[in-house]
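**Q**
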Amino acid sequence: MAEDDSRKDPVPPQVGDGRNRYEIIRTAHLGSGHFGDVYMGQHYTSREKVAVKLEHRSGSIARREWEVMSAMDGNGAPRVHYTGMHGRYYVMVMDLLGPTLQRLLESKPNRHLSFDQVMIIGTKCVELLRKLHAKGYVHGDVKPENFLCSPSEGSTISDPSKGLYMIDLGLASKWRDSSRANGHISYGQRVDHFSGTVRYASVNAHLGRWLSRRDDLESLGYMLLYLFNGSLPWQGYCGDDKNMQVCETKGRLTIESMCRGAPEIMQYYIAYVKNLKFEDRPQYDYLLMLFDSVNGGMRKVRTLIEQRSTEATDKDSWEDDSRDKETTATAGQKRKRSNNEESAETEAEPIAKKYKLVVPKRIKTHQWVIISTSARTGNVC
Numbered sequence: 001m002a003e004d005d006s007r008k009d010p011v012p013p014q015v016g017d018g019r020n021r022y023e024i025i026r027t028a029h030l031g032s033g034h035f036g037d038v039y040m041g042q043h044y045t046s047r048e049k050v051a052v053k054l055e056h057r058s059g060s061i062a063r064r065e066w067e068v069m070s071a072m073d074g075n076g077a078p079r080v081h082y083t084g085m086h087g088r089y090y091v092m093v094m095d096l097l098g099p100t101l102q103r104l105l106e107s108k109p110n111r112h113l114s115f116d117q118v119m120i121i122g123t124k125c126v127e128l129l130r131k132l133h134a135k136g137y138v139h140g141d142v143k144p145e146n147f148l149c150s151p152s153e154g155s156t157i158s159d160p161s162k163g164l165y166m167i168d169l170g171l172a173s174k175w176r177d178s179s180r181a182n183g184h185i186s187y188g189q190r191v192d193h194f195s196g197t198v199r200y201a202s203v204n205a206h207l208g209r210w211l212s213r214r215d216d217l218e219s220l221g222y223m224l225l226y227l228f229n230g231s232l233p234w235q236g237y238c239g240d241d242k243n244m245q246v247c248e249t250k251g252r253l254t255i256e257s258m259c260r261g262a263p264e265i266m267q268y269y270i271a272y273v274k275n276l277k278f279e280d281r282p283q284y285d286y287l288l289m290l291f292d293s294v295n296g297g298m299r300k301v302r303t304l305i306e307q308r309s310t311e312a313t314d315k316d317s318w319e320d321d322s323r324d325k326e327t328t329a330t331a332g333q334k335r336k337r338s339n340n341e342e343s344a345e346t347e348a349e350p351i352a353k354k355y356k357l358v359v360p361k362r363i364k365t366h367q368w369v370i371i372s373t374s375a376r377t378g379n380v381c
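In the UniProt record's numbering, the protein residues as written are 1 to 381.
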């Protein structure tokens, strides 16, 4: 829901200037975000249909979204045609795309998506997040409402296999800090701070910890479970302490309980992302392999586990928490990654990779929970 302030000013009939003028179709309201609303619009002369985002919020937050969208340059996010001010509104005009994943879910009579659909969405979302992370940012609010399908001619509901795009990057933040030796921001925490959406937020976000790449991937795991089952175990909490109730439930549930009703793949996915450290570079190719059901993704993972089991010298080596010890998926010695190479992370990675395998067990995925006396609420029950 948009903030109340965004309802006080009337929606302008047009925005932009010169050749970048766009008419707003005020009867075509496409959706609402944390800070404003999105309408359909069209270019003043070419009549090209666009999406017009009108927001009331601080200039620094709006400019951050413009900065991230510009960095993506239409590669994984809508192409931006115009940014500027109109009265008290911050305006962004971008490509008009298809419906959100949330609307796709709501179009299904049984309110959940098929195995194949979710595997496709998982694959495409990991690829999108890898692109965003390669630019040095984390999204900070991964949820079905923030992924748009590619438009599909002659269809009211688009097919996500044709393409997905990230939107609502106003809560994005930087994980990369080139001034530090390891190229990563330093760890921090403020227990009275929360941003994002309670339903999909990582445990770290609930606890006010600075976000890194692992948190986007954890939120994606919750989103995929939601698309599989149509709900999550912690839905329904309300009240001033909803944030902490949801956080405690996410920490208390075993991986098996959390993933009940979903394919076994999701247990491996959740186990992996829950074991990532703050500065860890995720093994995106391993996650993509999990979702590669057409080519037997789970079969490949089981083969790697069997190989690792044969090589293991004792059972403790399965859960080695050392950041530097990884399971060897291919022959050869492990090569150290330089700080410069980490900072210059590219979208493409070689197929022959070394993967840190995390085997899901019937254990709780809990973390130490810091209880704050500050009341913190979120956006979705």
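Think of the CB as a built atom: it goes at the ideal place given N, C-alpha and C, for glycine as much as any other residue.
Once the 5 residues before and after K49 are set aside, which same chain residues still bring their CB inside 8 Å of it?
**A** As a first step, residue 49 is located in the sequence shown; it is residue number 49 there, counting from the start. Excluding positions up to five away in sequence, the list reads M40, G41, Q42, L96.
**Q** Going by DSSP in three states, A28 sits in which element: helix, strand or coil?
**A** In the sequence shown, counting from the first residue as 1, residue 28 sits at position 28. Looking at A28 - three-state DSSP - the assignment turns out to be strand.
**Q** For A181, count the other beta carbons within 10 Å of its own beta carbon; 16 or more makes it buried, fewer makes it exposed. Which is it?
**A** Indexing the sequence shown from 1 puts residue 181 at position 181. So A181 counts as exposed.
**Q** Cα separation between M92 and H206?
**A** By one-based count along the sequence shown, residue 92 stands at place 92. By one-based count along the sequence shown, residue 206 stands at place 206. Each residue's alpha carbon lies about 30 Å from the other.
**Q** Is T313 helix, strand or coil by DSSP?
**A** The residue given as residue 313 occupies position 313 in the sequence shown. Its pLDDT being 48, under 50, T313 is placed unreliably by the model, and the measurement read from it follows with that caveat. If DSSP states are grouped into helix, strand and coil, T313 belongs with coil.
**Q** Would you say W175 and H133 are within 8 Å of each other, going by their C-beta atoms?
**A** As a working mapping, residue 175 is identified with position 175 in the sequence shown. As a working mapping, residue 133 is identified with position 133 in the sequence shown. Yes; because the gap between Cβ atoms is below 8 Å, this pair is in contact.
**Q** How about H112 and P12: are their beta carbons less than 8 Å apart?
**A** On the sequence shown, residue 112 is found 112 positions in, with the first residue counted as 1. On the sequence shown, residue 12 is found 12 positions in, with the first residue counted as 1. No, these two residues do not count as a Cβ contact at 8 Å.
**Q** Do D241 and G196 come within 8 Å of each other at the CB atom, strictly closer than that value?
**A** Within the sequence shown, numbered from 1, the residue matching residue 196 stands at position 196. Within the sequence shown, numbered from 1, the residue matching residue 241 stands at position 241. Not a contact, by the Cβ cut-off of 8 Å.
**Q** Under the DSSP definition of a beta bridge, which residues are partnered with Y90?
**A** Taking the first residue of the sequence shown as position 1, residue 90 is located at position 90. For Y90, which the question treats as bridged, DSSP gives the partners E55, M85.
**Q** Using the Cβ count rule (16 or more neighbours within 10 Å means buried), how would you classify S374?
**A** In the sequence shown, counting from the first residue as 1, residue 374 sits at position 374. Since pLDDT at S374 reaches only 44, below the 50 mark, its modelled position is unreliable, and the value read off the structure follows with that caveat. Exposed, by the Cβ-count rule.
**Q** Of all the options M266, D9, T27, T45, which has the alpha carbon lying nearest to the alpha carbon of D17?
**A** Here residue 17 corresponds to residue number 17 of the sequence shown, with the count starting at 1. Nearest C-alpha to D17: T45.
**Q** Expressed to the nearest angstrom, what Euclidean distance is found between the alpha-carbon atoms of R63 and K143?
**A** Residue numbering aside, residue 63 sits at position 63 when the sequence shown is read from its first letter. Residue numbering aside, residue 143 sits at position 143 when the sequence shown is read from its first letter. The alpha-carbon atoms of R63 and K143 are separated by roughly 22 Å.
**Q** Quick one: measure Cβ to Cβ for L220 and L164, integer angstroms, because I've assumed they're closer than 8 Å.
**A** Taking the first residue of the sequence shown as position 1, residue 220 is located at position 220. Taking the first residue of the sequence shown as position 1, residue 164 is located at position 164. Going by Cβ atoms, the distance from L220 to L164 rounds to 12 Å, so no, they are not a contact pair.
**Q** Just the Cα atoms here: how many angstroms apart are D73 and G230?
**A** Your numbering for residue 73 matches position 73 in the sequence shown. Your numbering for residue 230 matches position 230 in the sequence shown. In a straight line, the C-alpha of D73 is about 33 Å away from that of G230.
**Q** Measuring only the C-alpha atoms, how far is E23 from R47?
**A** Taking the first residue of the sequence shown as position 1, residue 23 is located at position 23. Taking the first residue of the sequence shown as position 1, residue 47 is located at position 47. Rounded to the nearest angstrom, the two C-alpha atoms are 9 Å apart.
**Q** Pick from L211, S173, V198, C125: whose alpha carbon is nearest that of Y187?
**A** Locating residue 187 in the sequence shown gives position 187, where the first residue counts as 1. Here the closest residue by C-alpha is L211.
**Q** With DSSP as the reference, identify every bridge partner of R21, one or two as the case may be.
**A** In the sequence shown, the residue the question calls residue 21 occupies position 21. Bridge partners of R21: G16.
**Q** Where R248 and R209 are concerned, what is the direct C-alpha to C-alpha distance, given to the nearest angstrom?
**A** Counting from 1 along the sequence shown, the entry for residue 248 is found at position 248. Counting from 1 along the sequence shown, the entry for residue 209 is found at position 209. Just to set this straight, residue 248 is Glu in the shown sequence, not Arg. Cα to Cα, the separation comes out at about 15 Å.
**Q** Mind checking which residues open and close the beta strand (DSSP E) that includes H43?
**A** In the sequence shown, the residue the question calls residue 43 occupies position 43. From DSSP, the beta strand (DSSP E) with H43 extends over 36-43.
**Q** Tell me the rounded alpha-carbon separation between G296 and A271.
**A** To locate residue 296, count along the sequence shown from 1; it is residue 296. To locate residue 271, count along the sequence shown from 1; it is residue 271. Roughly 19 Å between the two C-alpha positions.
**Q** Report, in whole angstroms, the separation of the C-beta atoms of H81 and M94, which I expect to be a contact under 8 Å.
**A** Position 81 of the sequence shown, counting from 1, holds the residue named residue 81. Position 94 of the sequence shown, counting from 1, holds the residue named residue 94. Indeed they touch by this definition, with Cβ atoms about 6 Å apart.
**Q** Cutting at 7 Å between CB atoms, please list the residues of its own chain near R79, excluding the five before and the five after it.
**A** One-based indexing of the sequence shown puts residue 79 at position 79. Excluding residues within five positions, the ones whose Cβ falls inside 7 Å are M94, D95.
**Q** Near L287, what residues of its chain come up, given a Cβ to Cβ distance below 6 Å and the 5 sequence neighbours on each side ignored?
**A** Along the sequence shown, one-based indexing puts residue 287 at 287. These residues qualify, in order along the chain: V126.
**Q** Measuring only the C-alpha atoms, how far is K108 from L225?
**A** Residue 108 sits at position 108 when you count from the first residue of the sequence shown. Residue 225 sits at position 225 when you count from the first residue of the sequence shown. Cα to Cα, K108 sits roughly 16 Å from L225.
**Q** Helix, strand or coil, according to DSSP, for residue 448 in the structure here?
**A** With the chain running from 1 to 381 in the structure shown, residue 448 is simply not present.
**Q** What is the DSSP secondary structure of Y165, reduced to helix, strand or coil?
**A** On the sequence shown, residue 165 is found 165 positions in, with the first residue counted as 1. Of the three classes helix, strand and coil, the one that applies to Y165 here is strand, per DSSP.
**Q** Thinking C-alpha only, which one of T83, F147, M119, T123 is nearest I103?
**A** In the sequence shown, residue 103 corresponds to position 103, counting from 1. For the record, residue 103 in the displayed sequence is Arg; it is not Ile. Closest by alpha carbon: F147.
**Q** Give every residue of the same chain whose Cβ lies closer than 7 Å to the Cβ of L232, excluding the five residues on either side of it in the sequence, and list them in chain order.
**A** Looking up residue 232 in the sequence shown gives position 232. Hits under 7 Å: R199, Y222, L225, Y226.
**Q** What is the C-beta distance between A172 and H193, in whole angstroms, given that I count them as a contact (C-beta under 8 Å)?
**A** Translated into positions along the sequence shown, residue 172 becomes position 172. Translated into positions along the sequence shown, residue 193 becomes position 193. That pair is no contact at about 16 Å.
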